[in-house]
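Which chain is which? The protein sequence lines are A and B, in order. Using our numbering, you'd call the opening residue of the first sequence number 1 and step up by one each time. Using our numbering, you'd call the opening residue of the second sequence number 1001 and step up by one each time. All C-beta atoms in this analysis are idealised placements derived from N, C-alpha and C, irrespective of residue type, glycine included.
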Amino acid sequence: QQQVKQSPQSLIVQKGGIPIINCAYENTAFDYFPWYQQFPGKGPALLIAIRPDVSEKKEGRFTISFNKSAKQFSLHIMDSQPGDSATYFCAASYSGNEKLTFGTGTRLTIIP
Amino acid sequence: SQTIHQWPATLVQPVGSPLSLECTVEGTSNPNLYWYRQAAGRGLQLLFYSVGIGQISSEVPQNLSASRPQDRQFILSSKKLLLSDSGFYLCAWSVGSLYTFGSGTRLTVV
Chain A
1 QQQVKQSPQS LIVQKGGIPI INCAYENTAF DYFPWYQQFP GKGPALLIAI RPDVSEKKEG
61 RFTISFNKSA KQFSLHIMDS QPGDSATYFC AASYSGNEKL TFGTGTRLTI IP
Chain B
1001 SQTIHQWPAT LVQPVGSPLS LECTVEGTSN PNLYWYRQAA GRGLQLLFYS VGIGQISSEV
1061 PQNLSASRPQ DRQFILSSKK LLLSDSGFYL CAWSVGSLYT FGSGTRLTVV
């Protein structure tokens, strides 16, 4: 119930392509869905987040798509660049218990 | 502004030696504090979290312990390190669901 399932585990995309990372959850009480970006040797940093009252949120080249009925959300990176190469984590939490449940991470490599 | 300090950045320790990793937070009061471990190429494993001074919850049984002697200080300890304790240790604080992670400590037990 508390799990967030993330796929794929790793992803290689050519520069300019649109990598898509998917996450699925079971707990319908979840109401906050952030994505974190982690570069090698660094701690994860908040990239973008969404709440279930909207189906899509864009910040620059990063977009979260949210499907409440399917209990899925995904991260899309437009015009991907080698500098986007990092590990991406999805996460979820719900009001009253703000402890995040993290997905298992996706190692993204953007090749020139 | 709110910042989190974690040290040391890297550490090489022999098996059986003690461990003490420290994390301090600035610019916020009464944060929730967390210790995570990340094995190479793996996800984030929550080890401990704390909602206040002296209040520690352990997520997984292991060779480690945590303490919170002050509101903005969180310490991860071990009396005797095992090879399996090697990994990347991350401290984090949160207010609500907004998490801020430290820069991590790379621990290698040899």
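A direct Cα-to-Cα measurement between W35/A and F62/A gives close to 10 Å. Against chain A, a Cβ distance below 8 Å from F1048/B picks out nothing, because the smallest value is about 12 Å. Counting only Cβ-Cβ distances below 9 Å, Y32/A has contacts in chain B at G1096 and S1097, in chain order. Of the candidates L46/A, A45/A and K68/A, K68/A places its Cα closest to the Cα of E56/A. Identification of chain A residues near L1033/B by a Cβ-Cβ cut-off of 9 Å yields none; the smallest Cβ-Cβ distance measures about 11 Å. DSSP places Q1055/B in the uninterrupted beta strand (DSSP E) bounded by Q1055 to S1058. Short of 6 Å from the beta carbon of T104/A, and not among the five residues preceding or following it, lie these beta carbons of its own chain, in chain order: Q6. The three-state reading of DSSP puts S1084/B in helix, counting H, G and I together. For S1050/B, the uninterrupted beta strand (DSSP E) segment begins and ends at Q1045 to G1052. A buried status is given to A91/A, since no fewer than 16 other beta-carbon atoms sit within 10 Å of its beta-carbon. Taking a Cβ-Cβ threshold of 8 Å, the residues of chain B close to G105/A are R1042, G1043 and L1044, in chain order.
The Cβ of S85/A sits no closer than 7 Å to any Cβ of chain B.
Between P19/A and S80/A, the gap from beta carbon to beta carbon is short of 7 Å. The beta strand (DSSP E) runs lying completely inside the stretch 15–41 of chain A and spanning 3 residues or more are 20–25 and 33–38, given in chain order.
Per DSSP, A1039/B lies in no beta strand (DSSP E) and is assigned neither H nor E.
In this structure, the straight-line span from the alpha carbon of Q1073/B to that of P112/A is close to 43 Å.
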